[in-house]
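Participant:
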Amino acid sequence: MQTNHGRRPSLRWCVCLSLACPTAQAEEAPRTLDRVEVTGTTAPSPLDETPAVGSRLGLATRETPATLDVLDETQLQARGARTSIEAINAAPGVLAAALPSSPGVTTMRGFSGGAISLLYDGIRQTAGPLITRNYDSFSFERIEVLKGPASVLYGEGALAGAINLVPKRPQFEAPRWSATLGAGDFGARRAGADANAPFGERAALRAVVSDNRSDGFVDDTDTSTQAGLFAFRWRPHDALELGVSIDRFRDDYGTAYWGTPLVPFAAARDPSRIVTSANGYVVDLATRRRNYDVADGYSRANADWLRTRLAWQLSDHAQFVNELDRYAADRRWRNTETYTWDAAAANLRRSTTFITHDHDYWVERASYVVDADLGGLRHRFSAGVEYSESDFFNRRRFGTTTPVDLHDPQRGHFPTGDEALLFPGAGNRVDFDSASTVSALFVEEALNLGTRWLLVAGLRHDRIDLDRVVSDRNTGTRTAFARSYSPLTWRAGAVFEAAERTQLYAQFSRAVAPVGSLFLISQANATFDLTTGDAVELGLKSSLWQERIDLTAAAYRLRQDDIVTRDSGNVNVTVQGGRQSSRGFEVGVSVHLTPQFDLDANLAVLDARFDRLVEAGGADRAGNLPANVPERLAGLFAVYRFVDAPVSLNLGARHVGRFYTNNANTIRVGAHTVVDAGVSWQLPLGELALRGRNLGDAVYADWNGGAADQILLGAPRSVELSWTVTR
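Numbered per my numbering, the sequence shown spans residues 1085 to 1811.
(1) Threshold first: 3 residues or longer. Then list the beta strand (DSSP E) segments lying entirely within the region 1510-1592, N to C.
(2) At which residue ranges does the region 1194-1261 contain complete beta strand (DSSP E) runs of 3 or more residues, listed in the order of the chain?
(3) Between Y1238, A1242, Q1766, which has its C-alpha nearest G1232's C-alpha?
(4) With distances taken Cα to Cα, identify the nearest neighbour of L1490 among A1352, L1543, D1502.
(5) From V1675, G1672, V1671, Q1644, pick the residue whose C-alpha is nearest to that of G1662; which is it?
(6) Short check: CB of D1377 to CB of T1424, under 7 Å?
(7) Would you report the Cα separation of T1750 and R1650, rounded to the nearest angstrom?
(8) Report the option in Y1341, R1146, V1596 whose CA atom is closest to the CA atom of P1184.
(9) Which residue wins for smallest C-alpha separation from D1409, given the options R1208, R1481, A1291?
(10) Can you grab the Cα-Cα spacing for the pair A1637 / R1146, in whole Å?
(11) According to DSSP, is P1149 part of a helix, a strand, or is it coil?
(12) If we call anything under 7 Å between Cβ atoms a contact, is R1481 one with F1516?
(13) Comparing C-alpha positions only, which one of R1372, D1278, T1392 sits nearest to R1893?
(14) Whose CA, out of N1708, R1585, L1797, A1700, lies closest to the CA of W1821?
(15) Taking F1526 as the reference, give the member of L1628, A1234, Q1591 with the closest Cα.
(16) Does DSSP put G1137 in a helix, in a strand, or in coil?
(17) Which of the three DSSP states, helix, strand or coil, is assigned to L1751?
(18) Which two residues bound the contiguous beta strand (DSSP E) that contains I1172?
(19) Is the Cβ-Cβ distance between V1783 and I1358 less than 7 Å?
(20) Within 10 angstroms of its Cβ, does V1178 collect 16 or more other Cβ (buried), or is it exposed?
(21) Excluding the 5 residues preceding and the 5 following R1775 in the sequence, name in chain order all residues of the same chain whose CB lies nearer than 6 Å to its CB.
(22) Is it true that the region 1303-1319 meets the region 1331-1338, where meeting means three or more beta-carbon pairs spaced less than 8 Å apart?
(23) Round the Cβ separation of S1201 and A1246 to the nearest angstrom and send it over; I've been treating them as touching at under 8 Å.
(24) Can you check DSSP and say which residues form a bridge with R1738?
(25) Name the one or two DSSP bridge partners that Y1471 has.
(26) In angstroms, rounded to a whole number, what distance separates the CA positions of L1779 and F1270?
(27) Touch check for the region 1738-1752 and the region 1703-1715: three-plus C-beta pairs under 8 Å?
(28) In terms of alpha-carbon separation, which member of E1257, G1268, R1217 lies closest to L1249?
(29) DSSP three-state label for F1310, please.
(30) Can you tell me whether G1702 is helix, strand or coil according to DSSP?
(31) Beta carbon of D1156, beta carbon of P1176: below 7 Å?
(32) Mark W1389 as exposed unless 16 or more other C-beta atoms lie within 10 angstroms of its C-beta, in which case mark it buried.
(33) Taking the straight line between their C-alpha atoms, what separation do you get for G1707 and I1647?
(34) In this structure, how does DSSP classify F1333 when only helix, strand and coil are distinguished?
(35) In terms of DSSP beta bridges, what is D1388 paired with?
(36) Do P1149 and Y1589 have their C-beta atoms within less than 7 Å of each other?
If you want it as structure tokens, here you go:
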């Protein structure tokens, strides 16, 4: 299958296939195209791009036997995606939420949280919920989404897929700079600057900074995020290239919004049916803007990345790539995170939580990539090693504070000190010290059998060594334990070119995941083996109607075995033996009807459930839907550019089906549809855009907050004005 010689090759793909693109995806060997033709007025097909997240072989999207979605910088700007959460929500079949403990926590294909790996330029540090933040999208060149098990590429945890945030990088071609400014309702302010400076044909620098702030639609929930990137790229020789980048990110959520509590219908001044519960509790819309966090609460994070990459072209067909990265993060939470209705007192009882993360991580990854003939067949092969070390120190404190009135909360302050009296009880004042090392070997192969068949396979073996110390400051007990794992993960797939520019594919894959985050795993859970996930996926990728339509469709089945459950003979005993599964169908279409009109639409339908799960007290959850998993997701985005005026109009709609906030399925969040629209003017000094969000002023919920009976409500209708210039 010679997909690189279609009638409409992606120019961006052609550039990135050369050594001139220093990305994690450039682990593929460079290739020389026989011919590049650009005809007609249609844009390059996204199916011909080579997202880094799907392979280390430089496979195009249409060559990859899995579902891949990419939103590049231009698309993010057109859709008004200001943050990584908004960008991820623009991807088909994905739902992300602004939960303060892990902003950007995601659900995909029936699984959420640690089942989805978060990558930064192709590198994964640990389980996603521990490190997710809400980055400004201005920092990124594109965001890539790989669906289905990805442990064969990224190690334990990637059961349902991986999301890769690809930062901007230096370019040799020409000087370039851009800037953006924006302001809108709820005190939204945004600014960013990006400068690319080549020095001759051999070196380039790039600096990107951004600042994103909001007062929030809930009382006293201001947020601010700042990011900076400084990258250097040097090509001392045609066969050698070095890249170094320093990235810094910080955020401050102030007194964060942890959700709106459910209360009895009789206690609500403006009861709503957007959430229904078995006990009759509802969301009181009169409390939609109320904040119940302590007045001096905060959620803060600082993170620094040092990334290096060396690419050495050994021959016309072979390349060696070495990546050495270091990540350090400091995260702090001090909040009242849960609020529970007290029927006797007719007020809200509140908890207190103080958590710290001191996280240090480094990783070395080396790979050898070949793109050559093997017996007259095109043969792409990669083999490599990876070694990483992590140190993670975590303080956890849990207590209570004063109750508050539902409608007139006197929020008070967080208790001062670290005494046992403030956090009474065993397990409420605990320090965790975790260290892990991971050694991995991986191989990947893509073999063309003639011009129509492509076989793709991969294999990875990990050795994971974990050492944990748990110190209970209240009881004085100190527990040390260790555990090692040696998982083998794999994938095997085939792609068949059924017609010109139309591919059918099938893939089988296996992934692994711990029963909980390795850094937070208890001594009891450390005795369990890794869970396993198996998946099968069948799909179609096609470019039709003279390249004006790109169509993708996939059907899949995904199953995770050996999740933790209760022993059927003794519900007080925890064992492995549970199962969670999903099956579904996804379709996406991108239509370029005319040079003036583009349309993208997608639909994801799934059936997710616990096949076997018994929880505390013997509660049987078999047949229930996992928490925060909508079984219907749909999106539509259209843009129209006027011929005789520098004006374009855009319209976006997103539908999220109903979901539950707990495994018992006793609290159900109703479906919602949100519509956005915008108009932009291309002026000599840049693009001026006016955008309206949630035009119908829908009242809806995104996720559960600090607890299952706290609901994160979406923002009301808002308007913003932005200006962007690129030179």
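Note that beta-carbon positions come from the ideal geometry of N, C-alpha and C, so glycine has one too.
Small disclaimer: the values here were computed from a predicted structure and weren't measured.
Facilitator: Considering the structure as presented:
(1) 1513-1533, 1537-1556, 1562-1569, 1572-1583
(2) 1200-1204, 1224-1231, 1245-1251
(3) The residue labelled residue 1232 in the question sits at position 148 within the sequence shown. Measuring from the Cα of G1232, the nearest candidate turns out to be A1242.
(4) Here residue 1490 refers to the residue found at position 406 of the sequence shown. Closest by alpha carbon: A1352.
(5) Counted from its first residue, the sequence shown places residue 1662 at position 578. Residue Q1644 is the option with its Cα nearest to G1662.
(6) Position 293 of the sequence shown, counted from the start, is the residue given in the question as residue 1377. Position 340 of the sequence shown, counted from the start, is the residue given in the question as residue 1424. No, Cβ-Cβ distance for D1377 and T1424 is not below 7 Å.
(7) To locate residue 1750, count along the sequence shown from 1; it is residue 666. To locate residue 1650, count along the sequence shown from 1; it is residue 566. Each residue's alpha carbon lies about 20 Å from the other.
(8) Here the question's residue 1184 lines up with position 100 in the sequence shown. Of the listed residues, the one whose Cα sits closest to P1184 is Y1341.
(9) On the sequence shown, position 325 is the one that residue 1409 refers to. Nearest of R1208, R1481, A1291 to D1409, Cα basis: R1208.
(10) Taking the sequence shown and counting its residues from 1, the one referred to as residue 1637 is at position 553. Taking the sequence shown and counting its residues from 1, the one referred to as residue 1146 is at position 62. Rounded to whole angstroms, A1637 to R1146 spans 12 Å at the Cα level.
(11) Numbered from its first residue, the sequence shown carries residue 1149 at position 65. Coil, per DSSP.
(12) In the sequence shown, counting from the first residue as 1, residue 1481 sits at position 397. In the sequence shown, counting from the first residue as 1, residue 1516 sits at position 432. No, the pair does not count as a contact, with Cβ atoms beyond the cut-off.
(13) Residue 1893 is absent from the model: the chain starts at 1085 and stops at 1811.
(14) In this structure the chain extends from 1085 to 1811, so residue 1821 is not present and cannot be described.
(15) Taking the first residue of the sequence shown as position 1, residue 1526 is located at position 442. Taking only the C-alpha atoms, the option nearest F1526 is A1234.
(16) One-based indexing of the sequence shown puts residue 1137 at position 53. Note that residue 1137 corresponds to Val in the displayed sequence, not to Gly. DSSP places V1137 in helix when its eight states are reduced to three.
(17) Counting from 1 along the sequence shown, the entry for residue 1751 is found at position 667. It should be noted that the sequence gives Ile, not Leu, for residue 1751. Reduced to three states, the DSSP call for I1751 is strand.
(18) The count along the sequence shown starts at 1 and reaches residue 1172 at position 88. I1172 -> not in any beta strand (DSSP E); alpha helix (DSSP H) instead, spanning 1168-1173.
(19) Here the question's residue 1783 lines up with position 699 in the sequence shown. Here the question's residue 1358 lines up with position 274 in the sequence shown. Yes.
(20) In the sequence shown, counting from the first residue as 1, residue 1178 sits at position 94. Counting Cβ neighbours within 10 Å, V1178 comes out buried, since at least 16 surround it.
(21) Here the question's residue 1775 lines up with position 691 in the sequence shown. Excluding positions up to five away in sequence, the list reads G1164, G1762, E1804.
(22) yes
(23) Residue 1201 sits at position 117 when you count from the first residue of the sequence shown. Residue 1246 sits at position 162 when you count from the first residue of the sequence shown. The pair is a contact, with the Cβ atoms about 4 Å apart (cut-off 8 Å).
(24) Counted from its first residue, the sequence shown places residue 1738 at position 654. Bridge partners of R1738: G1719, V1758.
(25) Mapped onto the sequence shown, residue 1471 falls at position 387. Paired residue(s): E1448, S1523.
(26) For this step, residue 1779 is matched to residue 695 along the sequence shown. For this step, residue 1270 is matched to residue 186 along the sequence shown. Going from the Cα of L1779 to the Cα of F1270 covers about 15 Å.
(27) yes
(28) Mapped onto the sequence shown, residue 1249 falls at position 165. It is R1217 whose Cα lies nearest to the Cα of L1249.
(29) By one-based count along the sequence shown, residue 1310 stands at place 226. According to the sequence displayed, residue 1310 carries Gln and not Phe. Three-state result, Q1310: strand.
(30) Residue numbering aside, residue 1702 sits at position 618 when the sequence shown is read from its first letter. In the structure shown, G1702 sits in a helix (DSSP, three-state: H, G or I).
(31) For the purposes of this step, residue 1156 is identified with residue 72 of the sequence shown, where counting begins at 1. For the purposes of this step, residue 1176 is identified with residue 92 of the sequence shown, where counting begins at 1. It is not a contact, given that the beta carbons lie outside the stated cut-off.
(32) In the sequence shown, residue 1389 corresponds to position 305, counting from 1. The residue is buried, with at least 16 neighbouring Cβ atoms inside 10 Å.
(33) Numbered from its first residue, the sequence shown carries residue 1707 at position 623. Numbered from its first residue, the sequence shown carries residue 1647 at position 563. Approximately 15 Å between the Cα atoms of the pair.
(34) Residue numbering aside, residue 1333 sits at position 249 when the sequence shown is read from its first letter. In the structure shown, F1333 sits in a strand (DSSP, three-state: E or B).
(35) Residue mapping note: residue 1388 aligns to position 304 of the sequence shown, counting from 1. DSSP lists R1332, A1412 as partners of D1388.
(36) For the purposes of this step, residue 1149 is taken as residue 65 along the sequence shown, with counting starting at 1. For the purposes of this step, residue 1589 is taken as residue 505 along the sequence shown, with counting starting at 1. Contact: yes.
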